[in-house]
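This report refers to the structure that appears directly beneath it.
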Amino acid sequence: MSPLRLLHVPSPDWTWRQVRLALAQAAPSDAIPLFEAAARDRLRMDVVAFGSCRSALVAALRVLAPPGRVLAPAYTCVAVPNAVRTAGLEITWLDVAGANIDLDAVERTAQPGDLLLAQHTYGLPLDSRRLRQLADRGVTVLEDRAHRFDGDDVAGLASVYSFEHSKVVSAGIGGLVASADPALIESARRFRADLEPPAQAVSRRALRTSAVQISLAAAEPMLPSFASLARRVARRVPYLAAPSQDPSELSGGLVDVRSMDPVAAALGLLSLERLEANLRHRWDMCHYYQSELGELVPPWASVDRPLVRQPVLVADAEATTRRLRRHGVDLGVRWFEAPIHPRGSASSYTPGSAPNAEALATRVLSLPTHVRITPEMAARVVRAIRDAAA
Ligand SMILES: Cc1ncc(COP(=O)(O)O)c(C=O)c1O
Numbered sequence: 080m081s082p083l084r085l086l087h088v089p090s091p092d093w094t095w096r097q098v099r100l101a102l103a104q105a106a107p108s109d110a111i112p113l114f115e116a117a118a119r120d121r122l123r124m125d126v127v128a129f130g131s132c133r134s135a136l137v138a139a140l141r142v143l144a145p146p147g148r149v150l151a152p153a154y155t156c157v158a159v160p161n162a163v164r165t166a167g168l169e170i171t172w173l174d175v176a177g178a179n180i181d182l183d184a185v186e187r188t189a190q191p192g193d194l195l196l197a198q199h200t201y202g203l204p205l206d207s208r209r210l211r212q213l214a215d216r217g218v219t220v221l222e223d224r225a226h227r228f229d230g231d232d233v234a235g236l237a238s239v240y241s242f243e244h245s246k247v248v249s250a251g252i253g254g255l256v257a258s259a260d261p262a263l264i265e266s267a268r269r270f271r272a273d274l275e276p277p278a279q280a281v282s283r284r285a286l287r288t289s290a291v292q293i294s295l296a297a298a299e300p301m302l303p304s305f306a307s308l309a310r311r312v313a314r315r316v317p318y319l320a321a322p323s324q325d326p327s328e329l330s331g332g333l334v335d336v337r338s339m340d341p342v343a344a345a346l347g348l349l350s351l352e353r354l355e356a357n358l359r360h361r362w363d364m365c366h367y368y369q370s371e372l373g374e375l376v377p378p379w380a381s382v383d384r385p386l387v388r389q390p391v392l393v394a395d396a397e398a399t400t401r402r403l404r405r406h407g408v409d410l411g412v413r414w415f416e417a418p419i420h421p422r423g424s425a426s427s428y429t430p431g432s433a434p435n436a437e438a439l440a441t442r443v444l445s446l447p448t449h450v451r452i453t454p455e456m457a458a459r460v461v462r463a464i465r466d467a468a469a
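In my numbering, the protein residues as written are 80 to 469.
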């Protein structure tokens, strides 16, 4: 039997130079302005870098300070509601249509003064024309672009981006507020001025996790059994495995709001240099999955864009995941396995109130599109899914 391959590789777009930099933990003093300048060029909006996307969300919400409610999709990561509460606000949850918030429901519900958290789940674009119409009605649109990295069709007053290790572009950890509004950017900068970068222990652990996992993943073609076992063991060693959410965040704790780590900025800058190849690869992978697994790809997930992960629907995602593992394919943590991911996280969401999101969470698999997925691996994933879903 072939060894179990872990298809999730943290910070898959890093080179050996970045692995060395992550381990050396040394960055030039101008790393953050250089990173911001590169991101500004790519996004065609001004940006302010933060320690994470959840910190960027808190900053954007504090700056936008909506007088009304915060409308958000009940299909998200727990970091999002935690950030909203950290900003002193509460979420009004709405169900999804596909994997994104149901814009019909938003149009029925939204009042002037409300803020819409417009999350582009998996990188699937929300309809920017409808977002603009909501903005025209006095709804503040804040785009959560954590799952995509581009400045196309921006309709929101501000957008947030993530550079966490599983996102389109990786700095290990980090996030951005982006906006074309100079006053908003100035306020976000002022908000950041009072912040500290992440505690060294936290950022070192995050960067070490990516460096170790990438190094072992590179050995997989030569030593598949050993490298795969070593990666799984490393994931269990706290010194080598940073969690995506710490226990306090899982129990609904507030976000530790931070400015960006300069080493992460230096790493993100190097990743941005290879953005085109990264997006091209993701796009090719999406085309491949969509053409090979067409019957499992719902119309809303069949888009001509580079997705951070390609969603496919099966009858029972948990059972298929177990069967995939028996076929030697480990897709890693399922996005999203519950309306508020990960399952069991504490939040104000009332179970049963978003039936579409709950059904989606039981049926969705999200396939990796990152640059370390070779055509052979993608073909293996497709074969395993066909067998497992049969
Ligand atoms: C949609 C969405 N927004 C925001 C975040 C928070 O990103 P970060 O890990 O950079 O804080 C996540 C978490 O992964 C997410 O999935």
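Glycine is no exception: its CB is placed at the ideal position from the N, C-alpha and C atoms.
- Along the stretch 116-147, the beta strand (DSSP E) occurs as fully enclosed runs of 3 or more residues at 125-129, listed in sequence order.
- Contact annotation, Gln389 with Thr453: C-beta distance approximately 16 Å; criterion of less than 8 Å not satisfied.
- Around the C-beta of Arg283, 16 or more other C-beta atoms lie within 10 Å, and the residue is accordingly described as buried.
- DSSP places Val342 within a helical segment (H, G or I) once states are collapsed to three.
- Ranked by Cα distance from Ala438, the options Glu222, Asp174, Ala250 are led by Asp174.
- Ser249 is positioned such that its CB atom lies closer than 9 Å to that of Asp92.
- Assignment of Trp95 by DSSP, reduced to helix, strand and coil, places it in the helix class.
- Taking C-beta atoms as the reference points, Gly254 and Ser90 fail to come closer than 9 Å.
- For Ala225, the Cβ falls inside the 8 Å cut-off from some heavy atom of ligand 1.
- By a beta-carbon distance limit of 8 Å, Leu286 contacts Val342. Their separation comes to about 7 Å.
- In the DSSP assignment, Glu243 is bridged to Gly251.
- With fewer than three CB-CB distances shorter than 8 Å, the stretch 264-279 does not count as touching the stretch 144-163.
- Asp383 carries a coil assignment under DSSP once its states are collapsed to helix, strand and coil.
- Residue environment for Tyr318: exposed (fewer than 16 other C-beta atoms within 10 angstroms of its C-beta).
- Spanning the alpha carbons of Gly331 and Ser427 requires a straight line of approximately 9 Å.
- When secondary structure is reduced to three states using DSSP, Ile419 falls in the strand class.
- According to the DSSP secondary-structure assignment, Glu222 is paired through a beta bridge with Ala197, Ser238.
- With a 10 Å radius around the Cβ and a threshold of 16 neighbouring Cβ atoms, Arg361 comes out buried.
- Pairwise C-beta distances place the stretch 453-467 in contact with the stretch 405-413, as three or more of them are shorter than 8 Å.
- In the structure shown, Ser289 adopts helical secondary structure according to DSSP, grouped into three states.
- Of the candidates Arg353, Glu243, Asp363, the residue whose Cα lies closest to the Cα of Val382 is Asp363.
- Rounded to the nearest whole angstrom, the CA to CA distance from Gln190 to Ala234 is 18 Å.
- A Cβ-Cβ distance of about 5 Å is found for the pair Ala128 and Glu115, placing them in contact under the 8 Å criterion.
- For Leu348, the number of other beta carbons within 10 angstroms of its own is at least 16, and it is reported as buried.
- With a 10 Å radius around the Cβ and a threshold of 16 neighbouring Cβ atoms, Gln292 comes out buried.
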